[in-house]
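Engineer:
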Amino acid sequence: MPKSPSEIWTHFEVVPKSEQAKNAHLQTDQYRCRYCREVRAKNASRFINHIARDCTKVPPAVAQEVRTRLYKQHRATAPREAYGGRPTRTGPELQPTPAAFRHYQPSAQPTKSVIANIGRGHP
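Counting from 94, one number per residue, gives the positions in the sequence shown under the working numbering.
Below you can see the structure in the form of structure tokens.
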């Protein structure tokens, strides 16, 4: 079953072939933003990003609606603004192992059992 068209297409109109750039790399259909008139190649994810973040002439209510309804569907994670600009990671993947503690703590002395087992594999 094919995907249903995204609601983002209502904010863009097709550029007639006669107005399209004559450049060889622009062989795809082109669309114009209904607000700022910027021309872009067909790509729904970039259209969503344009309306949600980049377009300077889009009404704020429209931009907010696109952010809440469509932006989340196309992003695997929340935008960086949601958590202060930097991704925060917590969990066991960031906890150093005991060997790392021993390696990076110059004051830590090896125990007798570690010295006795050198060359024998794991203690």
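Glycine included, each C-beta is placed from N, C-alpha and C at the ideal position. These numbers were taken from a predicted model, which means no experiment stands behind them.
May I ask which residues mark the beginning and end of the beta strand (DSSP E) holding R125?
Structural biologist: Counting along the chain, the beta strand (DSSP E) containing R125 begins and ends at Q123 to C126.
Engineer: Does W102 come out as helix, strand or coil in the three-state DSSP assignment?
Structural biologist: Note: W102 maps to helix in three-state DSSP.
Engineer: Taking the alpha-carbon of L163 as reference, which of T149, P191, H143 and K150 has the nearest alpha-carbon?
Structural biologist: It is H143.
Engineer: If I measure Cβ to Cβ from K135 and keep anything under 8 angstroms in the same chain, skipping five residues before and after, which residues do I get?
Structural biologist: Here the set comprises T121, D122, Q123 and Y124.
Engineer: Helix or strand or just coil, what does DSSP make of V159?
Structural biologist: In this structure, V159 counts as helix in the three-state DSSP scheme.
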